[in-house]
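Chains as they are written, first to last, in the working numbering: chain E, 7 to 391; chain P, 15 to 510. One structure is given here, and the rest of the page talks about it.
Here's what the structure looks like:
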C-alpha cells in the first residue's frame, strides 16, 4: 500500500495546480478544469449477455436457444442486435458514443457469483488475498484530495472501492447528513479517538462538502428504479464540480435460471432506461465522463431445462462517454459452435476485463500507476486516439 | 516488499497476542451479552452476575430450560399466520390477484371452511383500500386500516414482525441469534413468488428446530423444504427433456456445495455440480390436492417425482452413486456433503466469524471443525466449544465486530428498554440501512463480516437512528427516558 505514496501526482501536474489541493484549484478555475470521471456499473448476478446483445448472425445461436432466441433485435452491425428492451441505448449507439466489448470477462474459471464478483472487484482473478479494490488503487495519493472524489451510491461500499484511499458510500446526497447537526463537533471528536477514526473523518469531511451543494439540478426524468436514482445522484455530483473522480452504482437481479425471457425484458428495460437518462442528463459534460458496465460472468450458451440459463463464462461490457470509440463492437467474437465454446458450454473470453479497464484508467483518467498488479493489457482501441 | 511482509507478520503476531489476552470479569459479562444476545437490556448484566456466567451460557445453549417472556408470547399470539401450515396459509391468505377477483365477484367466496371468515376480512380490507367504501369508518378503524399491511402481504408482514419481536423480547436470545445465523446461511428470498407463502414454514420447521441440533438434519430439512426447492429452482430441474420434463437446472446443486456445505474452495468441480444436479432431479413440489396450477405451489409440499428423475449412474466427489437410486441419490449426496471435512472447516470458520472476530484465529477454526467431525456435526456441542475457547474470551474478540444494522437497531431498542409498537416500521429502517429482513435476494445471505457494514452511509444512518431514539421519535417505537449511562451515539455502541 505504501508504494502508492511514491507515485507522482499526475492529477495535479495535469492541471498545473502546484501544491494547491487539486479539487479546490479546479473548482476555482471553473469549468475548463473539470475533472475526468469514471463511472463503473456492476450488474450483479450475471447478466445473460447473449440476450442483451444478440449474436443473431452466429448459426449456433438458434440451436442453443430453442425457446429463448429472439426473433427481432435492433441491428447493430449485421451480426449483433440489441435486445428490444435496450432500445433506449440505440440513440447512444447511433450517436457513435456507445461501444460494446464482446466476449469480455475474467480468465478465472469460477462459476461462483461471489468469487467472480470478488475477483472483478479486487482486479486480481484467482487471488483472494488482495485487500483493496481496483477502483481504490486508481485513486492517487494526493495531499488533500476531495472528500467526495470516490463515491458509491447505495447502503454499502463495494469491494471495488475499498482500500487505503477514502471513499464514500451514500444513499443519496440529501440523506447524507446528520439529523442532529448541532452534535456534529462532539460526535466528530468522540469518533476521532475511536477505532473508527478514519471512517468518521471521511464521513464528516464529505458531509461538509455535500451540505453546500445546491438543490438537485436536473430536468431529465430518470426511471424510478434503484439504478435510475443512483445515476441521478452521480450526475448531480458530476455537474456540481465537487471533485468527483470515481463513481460506482450497481444493479442486482440478473441471475435468471428460470423463465428468463420476461424477467430479462424488465431488467434490461430498467438498465437501458437508467443509462439513457444519465447520458441525456450529462449533456456536454459527457466529454469528461466514461461509463463502463460489467457483470461477474456470462451465462450458459445453451438454455437450461427451465427456459433460463446457468452460470457461464464470458459476457459483454458496455462503455460510453466522451472519449469512447462508440458505434463499434470491440474485441473478437469467439463463436458459439461446440468446439469454440469454453469447456464445451460457455462463450469463451477473448478480452480480459482488465484490458478494458486498464485503458480507461490510463487513457481516460490519465493514471499511470499499475492498478492490476502482474497484468499486461493487450493493445485495445476502446478510446479515440 | 520485505517491509510489507514484515509489517504483515508483526500485525499477525499482534493479533495472535490479542487472542491470548484475557478479559476482565466485567468485560466477560458484557462480551457474553454482546455475542449470545441481540444486546443487553437494563438489568441483564446484574442478572447474569447473579446466575453465574457459566450457568447463564449453559441455559442459553438449552433454550427449552428458559421460561419465555410472557410479553413475547402475547405479541406472537396476535400474529395469526405464523403458526399456520403452508397449505392452510395459501387457503386463508391467497395472493392479491385472488383477493381482487373475490372482491370483484369473479371468484366465488367459499361458503364453508375455516378460512371463510378470514377471506371475508381480507376482501373487506381490499374494498376499503381500493374501491372507497360506503361504510363509515371510526377514526380508530381508519388508522388501523392505514397501518395494516395490504391484503396479500399479511403473511410476509407477520413473519417480519415476529422476527423483530423475538429478537427484541425473547429470553432465549442465543436461539434467536442462531436462527438468524442459520436462516441467513440457508438464505431464501421472501419476495420470490411462492416463497412469500413458504418462508414462514421454512424458518419455523426447517431452521429453528435444528439450530442446536445435528447439521445433517438441518441440511436435509432445508433441502426438502419447498421454500428452498422453489428459491433455487430445483423443483423444475429434470432429467433430459421428455414430455413435461424439460431438463437440468444447476442452481441448487452449485449453491448447495458452495454456500451450504463445502465452501467455494471445498474441492468440487463443474462436473460435480452437474452430477449433483442430476441426483436432485425429481425433488420437487406437489400442489395440495384440489389446488392445481401456478397458485398450487403457494401451499405446496416436497415430494419426489420419479418420472422427472435422471435414473443413470452418477459420480459425486469421487463417490459412485449407482443407477436406479431414485430419491436416495439426493439423500446420499446430502450425507456425503454433511460429512465432508471441507464442510466442517467451512462452517467452523463461518461460526467463528460471526461469534468471535472478522478474521478468526485458524487454531480456533480447526478446533471447532474437529469438534464438528467428532460429534457427527452436533451444532450445540460446536457452540459450547466456541464459548469455552480462550479466543472467544480474549481482547482480540472483545468489541471487535461492527454490528450489522439488525444488531445495531435491536441492541439499541433493548438497551433503551423501548417498546416495539409497530415492528414493520423498524423493519423499514433496516431496509434503509441495507438489511431488509428476509429480503436478501442473493443466496449468499448477508455478510457476517463487520467490515462489510462499515462505511459512511451506514455510520450516518446509525447516528441518525440513535438521535431519533433518544428523542423518542423512531416510528413504531416507544422509548421512555434512556438509562443515564447509555450513549447510543458512542463509538463503542456501534460494535459488539
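Glycine included, C-beta positions come from ideal geometry on N, C-alpha and C. Bear in mind the structure is a predicted one, so any value in this text is a computation, not a measurement.
| Item | Value |
| --- | --- |
| Which residues of chain E have a Cβ atom closer than 7 angstroms to the Cβ of residue 240 of chain P, listed in chain order? | Ordered by position in chain E, no residue passes the 7 angstroms Cβ test against residue 240 of chain P, which lies about 15 angstroms from the chain. |
| How would you label residue 403 of chain P, buried or exposed, when you count the other beta carbons within 10 angstroms and need 16 or more for buried? | buried |
| Taking its Cβ as the centre, do 16 or more other Cβ atoms sit within 10 Å of residue 83 of chain E, making it buried, or is it exposed? | exposed |
| Could you name the residues of chain A that residue 205 of chain E contacts, counting a contact when the two beta carbons are closer than 8 angstroms? | The structure shown has no chain A; the protein chains it does contain are E and P. |
| Using a Cβ-Cβ distance under 7 angstroms, would residue 274 of chain E count as near chain P? | no |
| Taking 7 angstroms as the threshold (beta carbon to beta carbon), is residue 258 of chain E in contact with chain P? | yes |
| To be precise: take each residue of the region 312-332 of chain P, compare its Cβ to all Cβ atoms of chain E, and keep it if any distance is under 8 angstroms. Which residues remain? | none |
| Under a CB-based cut-off of 7 angstroms, is residue 316 of chain E close to chain P? | yes |
| Work out the CA separation of residue 432 of chain P and residue 131 of chain P for me, nearest whole Å. | 35 angstroms |
| Which residues in chain P have a C-beta closer than 8 angstroms to the C-beta of residue 175 of chain E? List them in chain order. | 469, 470, 471, 472 |
| Report yes or no: do three or more beta-carbon pairs, one from the region 254-274 of chain E and one from the region 180-196 of chain E, lie closer than 8 angstroms? | no |
| In its own chain, which residues sit with a C-beta less than 7 angstroms from the C-beta of residue 254 of chain P, not counting the 5 before and 5 after it? | 261 |
| The region 219-249 of chain P: which residues have C-beta closer than 7 angstroms to a C-beta of chain E, in chain order? | 247 |
| Check the C-beta distance from residue 156 of chain E over to residue 174 of chain E and give it rounded, since I have them as a contact under 8 angstroms. | 7 angstroms |
| Return no unless some Cβ of chain E is closer than 7 angstroms to the Cβ of residue 454 of chain P. | no |
| Which complete alpha helix (DSSP H) runs does the region 115-152 of chain E hold, if anything under 4 residues is left out? | 119-128, 140-144 |
| In whole angstroms, give me the CA-to-CA distance for residue 308 of chain P and residue 215 of chain E. | Per-residue confidence for residue 308 of chain P stands at a pLDDT of 46, beneath the threshold of 50, marking its modelled position as unreliable; the derived number appears in the next sentence. Each residue's Cα considered, the two are about 53 angstroms apart. |
| Can you give me the start and stop residues for the beta strand (DSSP E) that residue 111 of chain E sits inside? | 104-111 |
| What would DSSP say about residue 315 of chain P, mapped onto helix, strand or coil? | strand |
| What would DSSP say about residue 248 of chain P, mapped onto helix, strand or coil? | helix |
| From the DSSP output, in three-state form, read off residue 463 of chain P for me. | coil |
| Taking the alpha helix (DSSP H) that residue 285 of chain E falls in, what are its first and last residues? | 266-288 |
| Can you find the residues in the same chain that come closer than 8 angstroms, C-beta to C-beta, to residue 497 of chain P, ignoring five residues on each side of it along the sequence? | 56, 429, 430, 431 |
| Please tell me whether residue 202 of chain E has its Cβ less than 7 angstroms away from any Cβ of chain P. | yes |
| With a CB to CB cut of under 8 angstroms and the five nearest residues on each side skipped, what residues in its chain are close to residue 389 of chain P? | 395, 396 |
| Do three or more CB pairs link the region 151-169 of chain E to the region 468-475 of chain P at distances below 8 angstroms? | yes |
| What do you get for residue 364 of chain P, buried or exposed, if any count of 16 or more other CB atoms within 10 angstroms of its CB means buried? | buried |
| Enumerated in chain order, which unbroken segments of the alpha helix (DSSP H) with a length of 4 residues or greater are wholly contained in the region 451-497 of chain P? | 470-484 |
| State yes or no: is the C-beta of residue 275 of chain P within less than 7 angstroms of the C-beta of residue 120 of chain E? | no |
| Mapping DSSP to helix, strand and coil, what is residue 257 of chain E? | strand |
| Just to confirm the assignment: which complete alpha helix (DSSP H) runs, minimum length 4, are found wholly within the region 286-368 of chain E? | 359-365 |
| Going along chain E, which residues have a C-beta under 7 angstroms from residue 458 of chain P? | 120 |
| In chain order, what residues of the region 477-495 of chain P put their CB closer than 7 angstroms to some CB of chain E? | 477, 478, 481, 482 |
| Does residue 233 of chain E get closer than 7 angstroms to chain P when you measure Cβ to Cβ? | no |
| If we cut at 7 angstroms on Cβ distances, does residue 264 of chain E have a partner in chain P? | yes |
| Spatial neighbours of residue 446 of chain P within its chain, please: C-beta separation below 7 angstroms, excluding the five flanking residues on both sides. | 475 |
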